[in-house]
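Going by mature numbering (1 follows the signal peptide of the UniProt record, and there is no 0), the letters in the sequence shown line up with residues -18 to -1, 1 to 389, in that order.
Below is one structure, written out as structure tokens, with a few remarks after it.
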Amino acid sequence: MSSIHCIIFIIFITTTLSNYCQAPLPKVVSVPKGYNLIFVQTLTRHGDRSPMNSFDQDDAFYNCSGITLSSVRESDSIGKAGDTIRINVIDKNTNPYAKNFMWKGNCEASQLTVKGIRQHHNLGIYQRKKYLDMGFLPVEYDPRKIYIRSTERSRTIQSSQAFSQTFYPPETRLQEKIIPIYVVPKDIEIMFPNRDLCSEISKREKDTYKIALVNQTRLSIQHFEEKAIKILGFKSKHEWLEDYVDIMNCRICHNISLPCRNGECLTIEDYNQLWYQTQLENRYLFRTDGLAQLQIGLFLKELIDRAEMALNGTSSYVYEHYTGHDSTLLPYLALIGQDVFTWPPYASHIDIEIYSFERERYIRVVYNNEVVSLPICHQVDGFCKWEEYKDYLLKNGVVSLNECKPK
């Protein structure tokens, strides 16, 4: 690689690192006088991870070493085993599969990296500081007030564990030493598009590529797609450019050069073209003509129901934390009227805040420290009435299970 190419690549990496590779850390967003925060639900994306796919001659290095697994407890009455460390083994010298088809290091596919752990450690530190500064969170951990949930993926569970360690450090746990992380089995998960239970999601996603604009723009970058397939040596089973771009994004986030094969390399221009098209297609893969509703509508209803329980006193929780995926955040953002062109960075955070003001309940949505403009309701100073927000989404964001049956 020439020195000029290296300089351009470093500048490009630096720019990207400030966007996709790391969401901004939480900070206090000013609240008008008189508004009293009473309930928060935070949706987050997991931290930095290894790629979803490897490829022949993959020479990247990813570090997931030193991840402490939770102590094993058979029951409350039986002693627990000590902490254990999981270390993945990728030996390119002795394992022929590893030699020909796997990156270097110790990460399995889509595993949270050490960098990703650090991101959620920091998220916990700054989220705690923000809500303590706002006079909202209890200083000491109270299991009756704090609820943490994760999808059943190692990268989200580990992100939740990392967050919990700093959100309520051990010295603040006077009542309970262990913070539970609630996990729904992936077979019945509703925190991301469950295509196995709702086959209509897959059908409508495939229909995306029949949309004229998507088809036309995809054809315009066909040369770049074919080059990626040639160099990476595989073709996406789902027609998703994300399968190629994800490999490049992970390399960029770890300061690794883009892939090469037989002297031909993917370039910054190749990446820019494929990344732009990938994000453009997001607007249609998370469209609100029924698809986003199928993808996340049941989870959205659960969020609303749990908020209602907190507001009417049948639940004591004041802060609920959900660790999910880009496919958790994107359909939610689409359903509240946002443009979903820009991909959520690692460790992104959406705070759904409910306030009381003059005997009314109001909602404010803050996405990576920016107050979200909500076209779905009448908004004043960044706030909508809770009832208006709730009624709109129950009517326009939630569908019945009958809609999951193929048409």
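Note that CB positions come from ideal geometry on N, CA and C, so glycine has one too.
Item                                                                                                               : Value
His102 - containing alpha helix (DSSP H), residue span                                                             : Val96 to Asp115
Beta bridge counterpart(s) of Leu19 as assigned by DSSP                                                            : Tyr337
Cβ-based burial, Gly98 [other Cβ within 10 Å; buried from 16]                                                      : buried
Sub-7 Å separation of Leu105 and Tyr113 beta-carbons                                                               : no
At least 3 beta-carbon pairs within less than 8 Å: the segment 335 to 347 vs the segment 280 to 288                : no
Check whether Pro175 and Ser309 have beta carbons under 7 Å apart                                                  : yes
Any beta strand (DSSP E) of 3 or more consecutive residues that is wholly inside the segment 126 to 165            : 128 to 132
7 Å Cβ cutoff met for Thr305 and Ser92                                                                             : no
Cα-Cα separation between Ile60 and Gln101, rounded to whole angstroms                                              : Here the model assigns Ile60 a pLDDT of 47, short of 50, so the residue's position is not dependable, and the following value carries that caveat. Looking at the two C-alpha atoms, the distance is approximately 34 Å.
Reduced DSSP category for Phe43 - H, G, I as helix; E, B as strand; rest coil                                      : strand
Pairwise C-alpha distance: His307 and Tyr314                                                                       : 11 Å
Those runs of the alpha helix (DSSP H) which lie wholly inside the segment 178 to 241 and span at least 4 residues : 181 to 189, 194 to 202, 204 to 214 and 224 to 235
Residues bridged to His303 (per DSSP)                                                                              : Thr24 and Ile130
Ile286: first and last residue of the uninterrupted alpha helix (DSSP H) it sits in                                : Leu273 to Asn294
Euclidean distance between Cα positions of Lys74 and Glu134                                                        : 29 Å
Residue range of the beta strand (DSSP E) that includes residue 413                                                : Since the first residue of the chain shown is -18 and the last is 389, residue 413 is not available in this structure.
Where the alpha helix (DSSP H) through Ser309 begins and ends                                                      : Asp308 to Leu317
Met230 burial status per 10 Å Cβ neighbour count (16 or more: buried)                                              : buried
Test item: CB-CB of Trp368 and Ile336 under 7 Å                                                                    : yes
Where Asp30 falls, given that 16 or more other Cβ within 10 Å makes a residue buried                               : buried
Cutoff 8 Å; reference Asn18; Cβ partners in own chain excluding five residues on either side                       : Tyr337, Ser338 and Phe339
First through last residue of the alpha helix (DSSP H) which encompasses Glu369                                    : Trp368 to Asn378
Nearest residue (CA-CA) to Asp41, options Ser12, Cys242 and Ile203                                                 : Cys242
Neighbour-count burial assignment, residue 462, 16 or more Cβ in a 10 Å radius                                     : What the structure shows of the chain is the stretch from -18 to 389, and residue 462 is not part of that stretch, so it cannot be assessed.
Residue interval of the alpha helix (DSSP H) (run including Ile250)                                                : Ile250 to Leu267
Within 7 Å, strictly: CB atoms of Val196 and Glu263                                                                : yes
Beta-bridge pairing of His331 - partner residues as DSSP gives them                                                : Thr26
Presumed contact (8 Å Cβ cut-off) between Ile130 and His303, rounded CB distance                                   : 5 Å
Whole-number beta carbon distance between Cys89 and Cys46, since they are thought to touch under 8 Å               : 4 Å
Residue range of the unbroken alpha helix (DSSP H) whose run includes Asn82                                        : Pro78 to Asn82
Distance CB(Thr260)-CB(Glu224) smaller than 7 Å                                                                    : yes
Beta carbon of Ile318 nearer than 7 Å to that of Ile278                                                            : no
Beta-carbon gap between Ile193 and Tyr258 smaller than 7 Å                                                         : no
Cys247 - DSSP class collapsed to helix/strand/coil                                                                 : strand
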